[in-house]
């Protein structure tokens, strides 16, 4: 989301009188372009609750996150956390604090960024070479995902079972919209988990599935 759209979102939230919960779990991961300010950094006091995690960039099994909130929201969330899970491991928190303080986290971000950028570039190249006409996507400057838009005649509902038979899957666009129908022709692809050869094979299978659905219309 561009800075201009972020500011527009903040204005809409202020007009509606609602607080935004900003889940910025891969905000530190940037491949090119400038680092964009978070909604929290752009907002007026009390307008945004910012949450993030260390598990994506370090260890998925290390379920440690953090939040930044104003006093009123912070106190309420802290009470809910205490009721839900009492406390997170002090040992893990102290180890993580030392890891961040001595600069190891920044080093890990750079290392992860190199790996994920390669994965992104492999997926982008495969999509550019094999996507059927009418499909489109934009190359992300950060994060772990590519958003793909299908032709108007192809829905994710129709594509999903065909893709399954090809041995691939994706996150349906409907999952990311309050009005589900607006995401009926979009899908999210994750390039983080698999190796470049598997990414290339997966995109080839996905593109075959899309072509099959297009041909059946």
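Residue numbers (the working numbering): 156 to 372.
The C-beta atom is built at its ideal place from N, Cα and C for all residues, glycine as well.
Remember, predicted model here, so these are calculated numbers, not experimental data.
Out of 279, 165, 272 and 170, which one is the CA nearest neighbour of residue 186?
Taking the first residue of the chain shown as position 1, residue 186 is located at position 31. Of 279, 165, 272 and 170, the residue nearest in Cα terms is 272.
Opposing strand residues paired with residue 292 [DSSP bridges]:
Position 137 of the chain shown, counted from the start, is the residue given in the question as residue 292. Partner(s): 303.
Any idea if residue 352 is buried or exposed, counting beta-carbon neighbours within 10 angstroms, 16 or more meaning buried?
Taking the first residue of the chain shown as position 1, residue 352 is located at position 197. Exposed: under 16 other Cβ atoms inside 10 Å.
Bridge-paired residues (DSSP) for residue 224:
Reading the chain shown from its first residue, position 69 is the one you call residue 224. DSSP output for residue 224 lists no bridge partner at all.
Just checking, does the region 215 to 222 make contact with the region 188 to 195 on the three C-beta pairs under 8 Å criterion?
no
If you reduce the DSSP assignment to three classes, tell me which class residue 186 lands in.
Within the chain shown, numbered from 1, the residue matching residue 186 stands at position 31. In this structure, residue 186 counts as coil in the three-state DSSP scheme.
What does residue 208 pair with, by DSSP beta-bridge criteria?
Position 53 of the chain shown, counting from 1, holds the residue named residue 208. 220, per the DSSP bridge assignment.
Could you pull out every unbroken beta strand (DSSP E) segment of at least 3 residues lying fully inside the region 234 to 297, listed in chain order?
none
Short check: CB of residue 381 to CB of residue 184, under 8 Å?
For the chain, the structure presents residues 156 to 372; residue 381 sits outside this window and is missing.
Between which two residues does the beta strand (DSSP E) harbouring residue 178 extend?
Working through the chain shown from its first residue, we reach residue 178 at position 23. 175 to 178 is the span of the beta strand (DSSP E), which, as asked, contains residue 178.
Mind checking residue 354: buried by the 16 CB within 10 Å criterion, or exposed?
Here residue 354 refers to the residue found at position 199 when the chain shown is read from its first residue. Buried, by the Cβ-count rule.
Have a look at 249, 283 and 371 and flag the residue whose alpha-carbon is nearest the alpha-carbon of residue 292.
As a working mapping, residue 292 is identified with position 137 in the chain shown. Ranking 249, 283 and 371 by Cα distance to residue 292 puts 283 first.
Where does residue 328 fall in DSSP's three states?
As a first step, residue 328 must be located in the chain shown, where it is residue number 173. Looking at residue 328 - three-state DSSP - the assignment turns out to be helix.
Kindly indicate which three-state DSSP category residue 344 falls into: helix, strand or coil?
Here the question's residue 344 lines up with position 189 in the chain shown. Here residue 344 sits in strand by DSSP.
Just to confirm before moving on: does the CB-CB distance between residue 274 and residue 347 stay below 8 Å?
Here residue 274 refers to the residue found at position 119 when the chain shown is read from its first residue. Here residue 347 refers to the residue found at position 192 when the chain shown is read from its first residue. Going by C-beta atoms, residue 274 is nearer than 8 Å to residue 347.
Check residue 368 in the structure and name its three-state DSSP category.
Position 213 of the chain shown holds residue 368. Residue 368 falls in the helix class under three-state DSSP.
Between the alpha carbons of residue 366 and residue 287, how many angstroms are there, rounded?
Residue numbering aside, residue 366 sits at position 211 when the chain shown is read from its first letter. Residue numbering aside, residue 287 sits at position 132 when the chain shown is read from its first letter. About 6 Å.
Quick check on the DSSP output: the alpha helix (DSSP H) that includes residue 321 runs from which residue to which?
By 1-based counting over the chain shown, the position of residue 321 is 166. From DSSP, the alpha helix (DSSP H) with residue 321 extends over 311 to 321.
Neighbourhood of residue 294 by C-beta distance below 7 Å, restricted to the same chain and skipping five residues each side
By 1-based counting over the chain shown, the position of residue 294 is 139. Same-chain partners within the cutoff: 279.
At what residues does the alpha helix (DSSP H) containing residue 168 begin and finish?
Here the question's residue 168 lines up with position 13 in the chain shown. Run containing residue 168: 158 to 171, per the alpha helix (DSSP H) assignment.
State the beta-bridge partners of residue 203 as determined by DSSP.
As a working mapping, residue 203 is identified with position 48 in the chain shown. Its beta-bridge partners are 175.
Starting from residue 196 and walking both ways along the alpha helix (DSSP H), at which residues does that stretch end?
Here residue 196 refers to the residue found at position 41 when the chain shown is read from its first residue. Its alpha helix (DSSP H) spans residues 194 to 197.
Tell me the rounded alpha-carbon separation between residue 372 and residue 343.
One-based indexing of the chain shown puts residue 372 at position 217. One-based indexing of the chain shown puts residue 343 at position 188. One C-alpha to the other measures close to 23 Å.
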